[in-house]
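Written out below as structure tokens is the structure these notes cover.
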Amino acid sequence: MAVAPRLFGGLCFRFRDQNPEVAVEGRLPISHSCVGCRGERTAMATVAANPAAAAAAVAAAVAVAEDREPQREELPGLDSQWRQIENGESGRERPLRAGESWFLVEKHWYKQWEAYVQGGDQDSSTFPGCINNATLFQDEINWRLKEGLVEGEDYVLLPAAAWHYLVSWYGLEHGQPPIERKVIELPNIQKVEVYPVELLLVRHNDLGRSHTVQFSHTDSIGLVLRTARERFLVEPQEDTRLWAKNSEGSLDRLYDTHITVLDAALETGQLIIMETRKKDGTWPSAQLHVMNNNMSEEDEDFKGQPGICGLTNLGNTCFMNSALQCLSNVPQLTEYFLNNCYLEELNFRNPLGMKGEIAEAYADLVKQAWSGHHRSIVPHVFKNKVGHFASQFLGYQQHDSQELLSFLLDGLHEDLNRVKKKEYVELCDAAGRPDQEVAQEAWQNHKRRNDSVIVDTFHGLFKSTLVCPDCGNVSVTFDPFCYLSVPLPISHKRVLEVFFIPMDPRRKPEQHRLVVPKKGKISDLCVALSKHTGISPERMMVADVFSHRFYKLYQLEEPLSSILDRDDIFVYEVSGRIEAIEGSREDIVVPVYLRERTPARDYNNSYYGLMLFGHPLLVSVPRDRFTWEGLYNVLMYRLSRYVSKPNSDDEDDGDEKEDDEEDKDDVPGPSTGGSLRDPEPEQAGPSSGVTNRCPFLLDNCLGTSQWPPRRRRKQLFTLQTVNSNGTSDRTTSPEEVHAQPYIAIDWEPEMKKRYYDEVEAEGYVKHDCVGYVMKKAPVRLQECIELFTTVETLEKENPWYCPSCKQHQLATKKLDLWMLPEILIIHLKRFSYTKFSREKLDTLVEFPIRDLDFSEFVIQPQNESNPELYKYDLIAVSNHYGGMRDGHYTTFACNKDSGQWHYFDDNSVSPVNENQIESKAAYVLFYQRQDVARRLLSPAGSSGTPASPACSSPPSSEFMDVN
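Okay, so the sequence shown: first residue is 1097 according to our numbering, each after it adds one.
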């Protein structure tokens, strides 16, 4: 017999013979208006916020009700209630803890309860009755919270223990689920998440049917994926991934399953599509235009040469475009992808790989570039894939094309590794065995763990020989390589531009270009400058000037490598020491800054600030002139080229005439006495602190820190002792109290304008040596390879552990080429890095387009009957233009079908002649072995069958005798 549905708290129930929303057998005794159980948490109190949980909880409550009538726990005293709810460990005043549950209670009911317990009368008419949160819900079907509820106005928050107390004492309104929310931890704050994120989960093949599921903002994308797999009953062996539909209607991949819902910027109501991998290893989204963000510039009528396709620069991605164009023009690798050989070899389980995603993304690019229907394509998806698996390539900073190439080759290898489970292989030393045997064993061990089209195409074998300097033990190993990083012969000289400041005020500063040893010292710079100026190196002090102050004063023994090419280096002629030694008769060298008083930018312009200007000076002051008055006169003499003296009309009248007469004899000329011996100048500016070793201070002679103390006659400027930055009085810096002070010349704006000639002050002359350009002779590629195979001694940071000595040793190391690959990648190491500097070597490397012969470098016994095994032809070049901080990457590449060379500059492609390829910009060279080229041109290679060993016969066993 059909039973009519009964309403219970807004939820509809059907019994026995109906199609149940929630099927419950038996009677439904409901005799109270509240649901509550003695001494335990009620079934209704465990209901989560989502509708399915609410329905299940109601059913559980009904089952409990069949066994017994619900009863409320006997109420404790009012004071006891207040203490348990408001105070103590279980009360609402307790701090939030991430992960715990809190419950929402309607504010009006809670206020009623407060009035009841604070009234003191347990039989009062203010008894609140059952907890009723009806006003917080938008409806009584889905039990969704109203939007915009405010804590303190619409509801209060209670911890789980306090909530369960109230439910056990007063009960919960029939049918209402408890409003349970989790405490989440956000940056610098913990809060109760009142409104979780509701996501609509759908499958890619059934977009019309969705599941609404709530997630916390702190839940991971991995949890979203696991929930979707459970909802759609996905088999454990199937691979799945998620897409999110954004506000613009396009789809974004949710790559990182470890980030949170908050970090992924997912919002309530957002559509999340779960995609399941097909049996052939591809994703359905590859065939859906709506899911393909790899947009391209298409023209249905356009038909061009396959492979002649540009790549759009997404923002400093020329390095990526250059590497991709080089790799795309490797014939056998491109054929491997165009013929879908990769589909059978995708390795989705390799823990060292990228779940096939890098290989799939690269395959998509190759197929588009070689379809002949695109002038250029936008590698957006590939860029995101690379950034996902290699965080160093995230964002849009400039990177190195060789570094990207190295990552890409390794990623493709692991994604296409035919070895599904790598076995442990123990590395063995030669131990006196023949090289042929050891090499074959090393290659076989390598192939037991690494077997892919990348290994077949790009991997070769080194012979590494280490010799212990103590016991003479020789260790020989054979190691695989994917590319050769060859050094460039570098010059041991460098060119530095400096400004020389002579003591003679009549001479302008001179600009010099000096050739100095790269590993030399500051004293070498002074010696080189002495040859141009005739001034003894002992009378020179070298300083780095930055922002009108001394950034660093160099000592003669400091290395020249501490000077960067961009530094402004000034060399001053001096006649003393910067550190005054008591009892010495040498002149004292005083650092001097120029400052101008400027009104500050406040409302009344009453405060005057001081601003540095011009170039600082190192002034030699004779000891007998070492007073404020004498120092003023010395400075007037040193500045006389661009500072004019006031005439008689400018002098003050009065009683100063006698002083003027006295000062006539104080005007000094240039001092010629003294010499600079083992100077230890103060390390000024932000590069270092100041010294405190000088026992004889300038203040001891000058007496005060400011001059003139009173107006005696018209002075052009005032003098002040300052710190090494020249921005404050030295007395404000306790560290500098015992150090040689710096002097500041402070100008009033009117005086500076009248007497200081800025144009003359900034003037300088260029020495004849400035036109000198150090010529760099071109080098042959073979010279770089010879340098690569030269014996070298290991550095201290990278010692070798000798198994015979049982100690780490700075052994000698030699690398030799044993076996060369089909495609040989040669990386020219143009970028040099040291502790203090970075530089790019723009040496022209002469490399052959055809017939690069490696027979003299391969030490494996050779097959003289087949010289093609050791000869290579150029097929691609990655170029780098510019310097270390900025630059641009392009590509020269030879099309495998037409044999025509093209120049790829991002989305621009143009044909070029072979004589345009060799340049100083060449950075990474791709060479193809001639026997491989012949095989690709054979009928088997031109019939559409891919040339890769994965789809055709392996390479000649005579050459790959250990394969």
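Each residue gets a CB set at the ideal place from its N, CA and C atoms; glycine is no exception.
Quantities reported herein were computed from a predicted structural model and do not represent experimental measurements.
- Here Ile1355 is not near His1313, since their CB atoms are 7 Å or more apart.
- The three-state reading of DSSP puts Phe1596 in strand, counting E and B together.
- Residue state for Asn1975 is assigned as strand, using DSSP reduced to three classes.
- The DSSP-derived three-state label of Ile1684 is strand.
- Here Ile1317 is actually not in contact with Trp1339; their C-beta atoms are around 11 Å apart, not less than 8 Å.
- Of Phe1709, Lys1627, Leu1713, the smallest CA-CA separation from Ile1665 is found for Leu1713.
- Taking every protein chain shown into account, the CB of Ile1919 has 16 or more other CB atoms within 10 angstroms, so this residue is buried.
- Contact between the region 2007-2024 and the region 1901-1921 is present, with at least three C-beta pairs closer than 8 Å.
- Following the DSSP letters along the chain, one finds Ile1881 inside the alpha helix (DSSP H) bounded by residues 1877-1884.
- One thing to note: Leu1448 has its Cβ no nearer than 7 Å to the Cβ of Trp1914.
- By the neighbour-count definition (other C-beta atoms within 10 Å, threshold 16), Tyr1212 is a buried residue.
- Look at Met1637 here: in three-state DSSP terms it is strand.
- Non-local C-beta neighbours of Ala1840 in its own chain, meaning closer than 8 Å and more than five positions away in sequence, comprise Val1688, Tyr1689, Leu1690, Arg1691, Leu1706, Leu1815, Gln1816, Thr1817, Val1818, Gly1822, ordered along the chain.
- Here the alpha carbons of Glu1344 and Phe1884 stand approximately 54 Å from one another.
- Taking all protein chains in view, the Cβ of Val1861 is surrounded by fewer than 16 other Cβ atoms within 10 Å, so the residue is classified as exposed.
- Selection Ile1275, Ser1820, Val1594, Lys1849 evaluated against Val1201 yields Ile1275 as nearest (Cα-Cα).
- Each of Cys1226, Leu1660, Met1450, His1260 was checked against the Cα of Arg1188, and the nearest Cα belongs to His1260.
- Here Ser1736 is exposed. Its C-beta has fewer than 16 other C-beta atoms within 10 Å.
- Taking a contact as a CB-CB distance under 8 Å, the pair Leu1621 and Val1612 counts as one, their CB atoms being some 5 Å apart.
- Collapsing the DSSP output to three states places His1495 in coil.
- Assigned with DSSP and collapsed to three states, Pro1957 falls in coil, not helix or strand.
- Spanning the alpha carbons of Tyr1999 and Ile1955 requires a straight line of approximately 36 Å.
- For Trp1466, there is no enclosing beta strand (DSSP E), as DSSP marks it with neither H nor E.
- If you draw a straight line from the Cα of Thr1573 to the Cα of Pro1565, it is about 18 Å long.
- Rounded to the nearest angstrom, the gap between the Cα atoms of Trp1997 and Pro1895 is 45 Å.
- Assigned with DSSP and collapsed to three states, Ser1671 falls in coil, not helix or strand.
- Within the region 1535-1619, the runs of alpha helix (DSSP H) at least 4 residues long that lie entirely inside it are, in chain order, 1549-1554.
- Annotated three-state conformation of Gly1726 is helix, per DSSP.
- In the DSSP assignment, Arg2031 falls within the alpha helix (DSSP H) that extends over 2026-2033.
- Relative to Leu1508, the option among Phe1953, Trp1539, Thr1430 whose CA is nearest is Thr1430.
- A distance below 7 Å separates the beta carbons of Asp1683 and Ser1716.
- Taking C-beta atoms as the reference points, Leu1656 and Gly1616 count as a pair closer than 7 Å.
- Under a 10 Å Cβ-count criterion, Ile1550 is classified as buried, with 16 or more other Cβ atoms of the shown protein chains found around its own Cβ.
- In terms of Cβ geometry, Trp1239 and Pro1224 do not form a close pair [threshold 7 Å].
- Note that the C-beta distance between Lys1516 and Arg1545 is not below 7 Å.
- Looking only at Gln1493, Gln1366, Cys1880, Gly1710, the smallest Cα-Cα distance to Leu1410 is reached by Gln1493.
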